[in-house]
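Residue numbers (the numbering used here): 9 to 258.
Heads up, the beta-carbon is just placed ideally off N, CA and C, and yes, glycines get one too.
In this text, all values refer to a predicted model and were calculated from it rather than measured experimentally.
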């Protein structure tokens with residue numbers, strides 16, 4: 009279900025904001041909307057991770073299995089992340105027609121068929137078509153954000169046996185991490201930030217996943233953002249292990 013819904017929505021949004029947008033096409037807008045799709049789809053992917061085990065009364069089997077709690081949690085997490093990663097990578101086929109259209113427009117604009125040294129010529133003229141660095145960077149950023157969201161969803165799933173509750177709470181948490189980035193950017197009619205305190209904006213922006221994504225969208229690999237997303241993933245997986253460690257001895 010996750011794969012089908014994600015690919016369908018992804019293809020529609022990609023066509024709407026790139027292929028059908030003409031001169032107003034924006035790959036950055038497409039990736040930004042993809043992150044908002046994660047608000048709904050990631051919780052649906054993770055809500056069964058542990059809550060179903062508690063509901064089906066098979067949780068004790070996990071706790072008594074000959075595997076460490078860390079291994080158990082990582083197994084659940086990697087299962088969800090592998091499905092997510094495979095779906096995101098498969099959706100990249102959408103970019104092939106975009107590159108094809110860009111190549112046609114470039115040939116038409118610069119008459120490349122009549123130029124001997126095309127590579128040298130293109131280095132001296134404005135680029136037409138998608139920018140590979142921005143696309144690859146955005147894909148890496150999306151994968152990192154998805155990894156963090158999945159870790160949050162797995163943790164929340166471990167707290168309740170109700171799948172719907174796990175999904176709703178995860179949606180709220182994921183939405184809040186994205187909303188923080190939007191909140192610090194909102195200005196009034198005079199162009200002034202609604203949050204006047206720079207310190208508060210800085211703190212809220214630090215917790216926002218959107219502020220860290222911007223560098224990837226420009227084609228830059230931000231090591232600080234990489235550490236940030238990995239840290240979020242690690243913290244919530246650690247908390248999930250602690251939840252089950254406490255239950256084992258309860």
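Which stretch, first to last residue, makes up the alpha helix (DSSP H) that contains residue 254? 231 to 256
Short check: CB of residue 154 to CB of residue 92, under 7 Å? yes
Find out if the Cβ-Cβ distance for the pair residue 18, residue 99 is shorter than 7 Å. yes
C-alpha distance - residue 22 paired with residue 227, whole-angstrom precision: 19 Å
Inter-stretch contact (C-beta, 8 Å, three-pair minimum) for the segment 46 to 55 and the segment 218 to 226: no
Exposed unless 16 or more other CB atoms sit within 10 angstroms - verdict on residue 160: buried
Considering residue 35, what are the terminal residues of the alpha helix (DSSP H) in which it resides? 35 to 54
Beta carbon of residue 77 nearer than 7 Å to that of residue 253: yes
Could you spell out the range, first to last residue, of the alpha helix (DSSP H) harbouring residue 80? 77 to 98
Contact defined as beta carbons within less than 8 Å: I believe residue 245 pairs with residue 85. What is the distance between those atoms, to the nearest angstrom? 6 Å
State the DSSP-derived secondary structure class of residue 178, mapped to helix, strand or coil. helix
Beta carbon of residue 184 nearer than 7 Å to that of residue 55: no
DSSP beta-bridge partners for residue 201? 195
According to the neighbour-count rule (16 or more other Cβ atoms, all chains shown, within 10 Å of its Cβ), is residue 261 buried or exposed? Residue coverage of the chain in this structure runs from 9 to 258, which leaves residue 261 outside it and unanswerable.
Return the CA-CA distance between residue 224 and residue 72, expressed in angstroms with no decimal places. 43 Å
Assuming residue 188 contacts residue 212 under a Cβ cut-off of 8 Å, what Cβ separation, rounded to an integer in Å, is found between them? 5 Å
Same chain only: Cβ atoms within 6 Å of residue 63, ignoring 5 sequence neighbours per side: 169
I need the straight-line Cα distance from residue 102 to residue 52, nearest angstrom please. 24 Å
Which of the three DSSP states is assigned to residue 112 in this structure? helix
Who are the Cβ neighbours of residue 207 in its own chain at under 7 Å, not counting the five residues just before and after it? none
Go ahead and label residue 38 buried or exposed: buried means 16 or more other beta carbons lie within 10 angstroms of its beta carbon, across all protein chains shown. buried
Would you mind giving the Cβ-Cβ distance between residue 251 and residue 167, rounded to the nearest angstrom? I have them listed as a contact below 8 Å. 7 Å
Start and end of the alpha helix (DSSP H) containing residue 59? 59 to 63
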